[in-house]
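Numbering (our numbering), first residue to last: 251 to 366. C-beta atoms are modelled at their ideal positions from N, C-alpha and C, and glycine is treated no differently.
Written out as structure tokens, the structure is:
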């Protein structure tokens with residue numbers, strides 16, 4: 251199993267197990283009201299994570315989350331989402347590309363890791 255698949259499975263399982271907390275967000279994001287239906291949907295190959303799943307993943311791994319988009323033709327990034335769980339946590343930085351319905355998240359490395 252690829253690491254990304256394992257993370258998605260872990261997040262989907264956590265959301266399923268904590269449906270009272272996350273069910274309303276799943277309904278708003280995916281229009282799915284049943285925990286097993288959600289889990290089955292997220293288990294399909296090619297199903298992408300939304301901000302909800304990214305937020306839960308960073309919560310499970312004790313991280314903050316920042317999501318960026320590239321500004322068209324400017325080679326600049328714009329912060330479009332930030333979730334600060336704890337000031338002492340590392341921040342996962344993701345670049346969202348594509349359209350909202352089927353985009354993709356890439357991990358952005360901190361400056362100090364780029365040259366290692």
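So what's residue 265 in DSSP terms, helix, strand or just coil? Reduced to three states, the DSSP call for residue 265 is helix.
Could you tell me which residues DSSP puts in a beta bridge with residue 318? DSSP lists 329 and 345 as partners of residue 318.
Could you check where the alpha helix (DSSP H) with residue 289 kicks off and where it finishes? Counting along the chain, the alpha helix (DSSP H) containing residue 289 begins and ends at 285-293.
Check residue 355 in the structure and name its three-state DSSP category. DSSP places residue 355 within a strand segment (E or B) once states are collapsed to three.
Which of the three DSSP states is assigned to residue 272 in this structure? For residue 272, the secondary structure class from DSSP, reduced to helix, strand or coil, is helix.
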